[in-house]
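Using my numbering, the first residue of the sequence shown is number 2, and each one after it goes up by one.
In this text, a Cβ means the ideal position worked out from N, Cα and C, and glycines have one as well.
Since the model is a prediction, treat every value here as computed from it, not as a measurement.
Following: one structure in structure tokens, then a few remarks.
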Amino acid sequence: MRLAVTYDVSDDGNRRRVYRTLERYGAWRQYSVFEVDVSKSQRVELEDELESHIEPADGDRIRLYRLCEACQKATTDLGTEPPDEQSNVI
Numbered sequence: 002m003r004l005a006v007t008y009d010v011s012d013d014g015n016r017r018r019v020y021r022t023l024e025r026y027g028a029w030r031q032y033s034v035f036e037v038d039v040s041k042s043q044r045v046e047l048e049d050e051l052e053s054h055i056e057p058a059d060g061d062r063i064r065l066y067r068l069c070e071a072c073q074k075a076t077t078d079l080g081t082e083p084p085d086e087q088s089n090v091i
């Protein structure tokens, strides 16, 4: 299944861990947004790992959106290509 994952993590270290985790599963699309292709069991693993990297009491949040096949085909990219991935790493 394909997921769009967005995150808002305040602590630099935690944000870096979230980024590195998502990088193992998929492709960085723009600041704080990844697309990942995972199986059902990988999704559970991913959610567990991501949850361990955030502090909800500090306002950290991660959202996962399942992208159905029809939605994937209807995706449109507007604007420029995303910046170099390394420019987003803290």
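Around the C-beta of Val90, are 16 or more other C-beta atoms found within 10 angstroms, so that it is buried, or is it exposed?
Per-residue confidence for Val90 stands at a pLDDT of 49, beneath the threshold of 50, marking its modelled position as unreliable; no derived number is given.
Counting pairs of beta carbons, one from the stretch 52 to 61 and one from the stretch 27 to 40, are three or more of them closer than 8 Å?
no
In this structure, what does DSSP give as the bridge partners for Glu36?
Ala5, Ala28
What residue range is occupied by the uninterrupted alpha helix (DSSP H) comprising Leu51?
41 to 52
Since Asp9 contacts Asp61 with CB under 8 Å, what's their CB separation in whole angstroms?
7 Å
Tell whether a beta-carbon distance below 9 Å holds between Tyr66 and Thr22.
Cβ distance not < 9 Å, so Tyr66 and Thr22 don't count as in contact.
Would Pro57 pass as an interface residue toward chain C - the criterion being a Cβ-Cβ separation below 9 Å?
Checking the listed chains, one finds no chain C in this structure; it contains a single protein chain.
Tell me the rounded alpha-carbon separation between Asn15 and Tyr26.
17 Å
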